[in-house]
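S.K.: A single structure is presented below for examination.
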Amino acid sequence: MSSPEAQELNFTPPEYTWKQIHDAIPAHCYERDTLLSVSYVLRDFFFVACLAAIAIFLIPLIESPLLNKLAWISYSFLQGLVFTGLWELAHECGHGALSDYKWVNNALGMWMHSFLLVPYHSWRITHSTHHKTTNNIEADIAFVPDIQEDWQAKRDSRGAFLRALELVEDVPIAVLLELIGHQLIAFPTYILINNFALPRMAVFPWWTRSHFYFGGDGPNFKPSHKKDIIMSDIGIATSAALIWTAVQYLGAWEVMKLYGFPYLWTNHWILTITFLQHTDITLPYYRPASWTFLRGAASAIDRDFGWIGRFLFHGAIETHVLHHHVSRIPFYHAPEASAALRKVMGVHYASDFETPYLWAFWKIRHACRFVVEKDEGSQIYFFDRTRLEEKFGKVE
Numbered sequence: 037m038s039s040p041e042a043q044e045l046n047f048t049p050p051e052y053t054w055k056q057i058h059d060a061i062p063a064h065c066y067e068r069d070t071l072l073s074v075s076y077v078l079r080d081f082f083f084v085a086c087l088a089a090i091a092i093f094l095i096p097l098i099e100s101p102l103l104n105k106l107a108w109i110s111y112s113f114l115q116g117l118v119f120t121g122l123w124e125l126a127h128e129c130g131h132g133a134l135s136d137y138k139w140v141n142n143a144l145g146m147w148m149h150s151f152l153l154v155p156y157h158s159w160r161i162t163h164s165t166h167h168k169t170t171n172n173i174e175a176d177i178a179f180v181p182d183i184q185e186d187w188q189a190k191r192d193s194r195g196a197f198l199r200a201l202e203l204v205e206d207v208p209i210a211v212l213l214e215l216i217g218h219q220l221i222a223f224p225t226y227i228l229i230n231n232f233a234l235p236r237m238a239v240f241p242w243w244t245r246s247h248f249y250f251g252g253d254g255p256n257f258k259p260s261h262k263k264d265i266i267m268s269d270i271g272i273a274t275s276a277a278l279i280w281t282a283v284q285y286l287g288a289w290e291v292m293k294l295y296g297f298p299y300l301w302t303n304h305w306i307l308t309i310t311f312l313q314h315t316d317i318t319l320p321y322y323r324p325a326s327w328t329f330l331r332g333a334a335s336a337i338d339r340d341f342g343w344i345g346r347f348l349f350h351g352a353i354e355t356h357v358l359h360h361h362v363s364r365i366p367f368y369h370a371p372e373a374s375a376a377l378r379k380v381m382g383v384h385y386a387s388d389f390e391t392p393y394l395w396a397f398w399k400i401r402h403a404c405r406f407v408v409e410k411d412e413g414s415q416i417y418f419f420d421r422t423r424l425e426e427k428f429g430k431v432e
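Using our numbering, you'd call the opening residue of the sequence shown number 37 and step up by one each time.
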């Protein structure tokens, strides 16, 4: 099916080369300073400790019930932002981007991701699949949209209860409740059972799709990955044991306030960041025959989240297009390298620095449902614009 709206984009796939990228990015941008990287890790854990100390020693001194609750809400929000920064640093470790030494990257990554209940090596391995297949509509594993025909077939096959829910799916409160549920549990569910699995993975039992499964007969890992997966599982078990110990000493509600609610905020931010890095009305998706690594890398988008994005999230939002081209460049060199890459990419560089970050999330999450083929036989797809323009006006 062809979309007139998509045809109006007059899109042509990028054809720039690796040599052009290599020649454009200054050599020092590839340099990884282990001490500088470690200092950022320690900085973020220092922020965690400071916020926790405020919560433990100062918030209980607030006598007003209302102000006390507001203080705890503020704490969980701020701590969630700092946790997300640690998550992003662990993600950098998974790409070997913080140090020239593999063991340093893995040690730091295990520490940070285990602290956040993410199995470091297991996630690192599956995440590499995303980088190798970005926006390949039949192989990518991160926020892959349905083609219109598949989307319609799924709707038609729904049971009576789910079809009834469709009657209120555009009611703002219903949208908000669905969104909150998704933001809180989607990432842990992905780690546990890979609920975003591609159709080709559906033949595997759900437990073999888990990031904790090391049997070697699942779709995600090879037998050679067994040691790394077991190490990741041990890291999570250690964190779980520490959390359980804290519950015994402090009580479940105190641990929930200190760690649980910030953890839920972190899940929200990671999903939001990842979704907005790879979902936009302007981004193409490809069938395998039309896909190349560089075309996939150019199908990410940079956005702006102000000082939170640059300072606490280490620029993950603002320089993601670069990250998909050269993931080993450390985040502290990414702004300079990204500026150089943009000159090579030209019109193929995708960004939206104007739309407020959370407003962009609401619009795209609410209205981008399925993709349609740009031109019949092109095997290049864009999101259908109809629903977005009905809800929010003409998309330029």
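Every residue, glycine too, gets a C-beta built ideally from N, C-alpha and C. If you're wondering where the values come from, they're calculated on a predicted model, not measured in any experiment.
Which one or two residues does DSSP pair with glutamate 390 in a beta bridge?
M.R.: The count along the sequence shown starts at 1 and reaches residue 390 at position 354. Looking at the DSSP assignment, glutamate 390 forms no beta bridge with any residue, so it has no partner.
S.K.: Based on the DSSP output, what are the partners of asparagine 172 in its beta bridges?
M.R.: Mapped onto the sequence shown, residue 172 falls at position 136. Paired residue(s): Tyr322.
S.K.: Could you tell me if valine 154 is buried or exposed, where buried requires 16 or more neighbouring beta carbons within 10 angstroms of its beta carbon?
M.R.: Along the sequence shown, one-based indexing puts residue 154 at 118. By the neighbour-count rule (16 or more Cβ atoms within 10 Å), valine 154 is buried.
S.K.: With a cut-off of 8 Å on the beta carbons, I'd call valine 380 and glutamine 56 a contact; round off their distance for me.
M.R.: Position 344 of the sequence shown, counted from the first residue, corresponds to residue 380. Position 20 of the sequence shown, counted from the first residue, corresponds to residue 56. With 8 Å as the limit, valine 380 and glutamine 56 qualify as a contact, their Cβ atoms being about 5 Å apart.
S.K.: Taking the beta carbon of alanine 42 as the centre, do at least 16 other beta carbons fall within 10 Å, making it buried, or is it exposed?
M.R.: Locating residue 42 in the sequence shown gives position 6, where the first residue counts as 1. A caution first: alanine 42 carries a pLDDT of 40, below 50, which makes its placement in the model too unreliable to give a value.
S.K.: Compute the distance between the beta-carbons of serine 374 and threonine 355, then report whether it is under 8 Å.
M.R.: Start at 1 with the first residue of the sequence shown, and residue 374 comes out as number 338. Start at 1 with the first residue of the sequence shown, and residue 355 comes out as number 319. In contact: serine 374 and threonine 355 (Cβ atoms closer than 8 Å).
S.K.: Nearest-angstrom Cα distance between tryptophan 54 and histidine 361?
M.R.: Along the sequence shown, read from residue 1 onward, the residue named residue 54 stands at position 18. Along the sequence shown, read from residue 1 onward, the residue named residue 361 stands at position 325. Taking the straight line joining both Cα atoms gives about 9 Å.
S.K.: According to DSSP, is phenylalanine 347 part of a helix, a strand, or is it coil?
M.R.: Your numbering for residue 347 matches position 311 in the sequence shown. Three-state result, phenylalanine 347: helix.
S.K.: Classify threonine 48 as buried or exposed, calling it buried when 16 or more other Cβ atoms lie within 10 Å of its own Cβ.
M.R.: Here residue 48 is taken as the residue at index 12 of the sequence shown, counted from 1. The residue in question, threonine 48, is exposed, as its Cβ has fewer than 16 Cβ neighbours within 10 Å.
S.K.: How many Å lie between tyrosine 321 and phenylalanine 119 at the Cα?
M.R.: Position 285 of the sequence shown, counted from the start, is the residue given in the question as residue 321. Position 83 of the sequence shown, counted from the start, is the residue given in the question as residue 119. About 31 Å.
S.K.: Terminal residues of the continuous beta strand (DSSP E) containing isoleucine 416?
M.R.: Counting from 1 along the sequence shown, the entry for residue 416 is found at position 380. Element bounds for isoleucine 416: 416 to 419.
S.K.: Which runs of the alpha helix (DSSP H) at least 4 residues long sit entirely within the stretch 100 to 128? Give them in chain order.
M.R.: Correct list: empty.
S.K.: What's the call for isoleucine 270, buried or exposed, on a 16-neighbour Cβ count within 10 Å?
M.R.: Position 234 of the sequence shown, counting from 1, holds the residue named residue 270. Result: exposed.
S.K.: Please report the Cβ distance between alanine 178 and histidine 314, rounded to the nearest whole angstrom; I am assuming they are in contact, meaning their Cβ atoms lie under 8 Å.
M.R.: Residue numbering aside, residue 178 sits at position 142 when the sequence shown is read from its first letter. Residue numbering aside, residue 314 sits at position 278 when the sequence shown is read from its first letter. Confirmed, Cβ separation roughly 6 Å.
S.K.: Ends of the alpha helix (DSSP H) at glutamate 290?
M.R.: In the sequence shown, counting from the first residue as 1, residue 290 sits at position 254. Note, glutamate 290: alpha helix (DSSP H), 288 to 291.
S.K.: Opposite arginine 339 in the DSSP bridges: which residues?
M.R.: As a working note, residue 339 is residue 303 in the sequence shown. Looking at the DSSP assignment, arginine 339 forms a beta bridge with Asp388.
S.K.: With glutamate 128 and phenylalanine 347 assumed to form a contact (beta carbons below 8 Å), what rounded beta-carbon distance in angstroms separates them?
M.R.: Translated into the one-based positions of the sequence shown, residue 128 becomes position 92. Translated into the one-based positions of the sequence shown, residue 347 becomes position 311. Not really, about 15 Å apart at Cβ, beyond 8 Å.
S.K.: Quick one: what does DSSP say glutamate 409 is sitting in, helix, strand or coil?
M.R.: Looking up residue 409 in the sequence shown gives position 373. Strand.
S.K.: Since histidine 304 and glutamine 219 should fall inside the 8 Å C-beta cutoff, what is the C-beta to C-beta distance between them, to a whole number of angstroms?
M.R.: If you number the sequence shown from 1, residue 304 lands on position 268. If you number the sequence shown from 1, residue 219 lands on position 183. Contact holds; Cβ gap of about 4 Å.
S.K.: Could you give the distance in angstroms between the alpha-carbon of glutamate 372 and the alpha-carbon of glutamine 284?
M.R.: Counting from one through the sequence shown, the residue named residue 372 turns up at place 336. Counting from one through the sequence shown, the residue named residue 284 turns up at place 248. When rounded, the distance between both Cα atoms is 48 Å.
S.K.: Which ranges would you report for the alpha helix (DSSP H) in the stretch 131 to 191 if only whole runs of at least 4 residues count?
M.R.: Runs of the alpha helix (DSSP H) inside the stretch 131 to 191: 138 to 151 and 156 to 168.
S.K.: Would you say the stretch 86 to 96 touches the stretch 106 to 118, given that touching needs at least three Cβ pairs under 8 Å?
M.R.: Judged by Cβ distances under 8 Å, the stretch 86 to 96 makes contact with the stretch 106 to 118, as three or more pairs qualify.
S.K.: Assuming contact is defined by CB atoms lying nearer than 8 Å, are proline 96 and arginine 331 in contact in what I supplied?
M.R.: One-based indexing of the sequence shown puts residue 96 at position 60. One-based indexing of the sequence shown puts residue 331 at position 295. It is not a contact, given that the beta carbons lie outside the stated cut-off.
S.K.: Below 6 Å CB to CB, which residues in the same chain sit around glycine 132 once its five sequence neighbours on both sides are set aside?
M.R.: As a first step, residue 132 is located in the sequence shown; it is residue number 96 there, counting from the start. So the list reads Asn141 and Arg364, once near-sequence residues are dropped.
S.K.: Does the distance from the C-beta atom of phenylalanine 349 to that of aspartate 182 stay below 8 Å?
M.R.: Counting from one through the sequence shown, the residue named residue 349 turns up at place 313. Counting from one through the sequence shown, the residue named residue 182 turns up at place 146. Taking 8 Å as the Cβ cut-off, phenylalanine 349 and aspartate 182 do not qualify as a contacting pair.
S.K.: Do you know whose CA, among Leu122, Thr169 and Asp69, lies nearest proline 324's CA?
M.R.: Start at 1 with the first residue of the sequence shown, and residue 324 comes out as number 288. Here the closest residue by C-alpha is Thr169.
S.K.: Measure the CB-CB distance between serine 268 and tyrosine 156 and report whether it falls below 8 Å.
M.R.: Taking the sequence shown and counting its residues from 1, the one referred to as residue 268 is at position 232. Taking the sequence shown and counting its residues from 1, the one referred to as residue 156 is at position 120. Closer than 8 Å, so yes.
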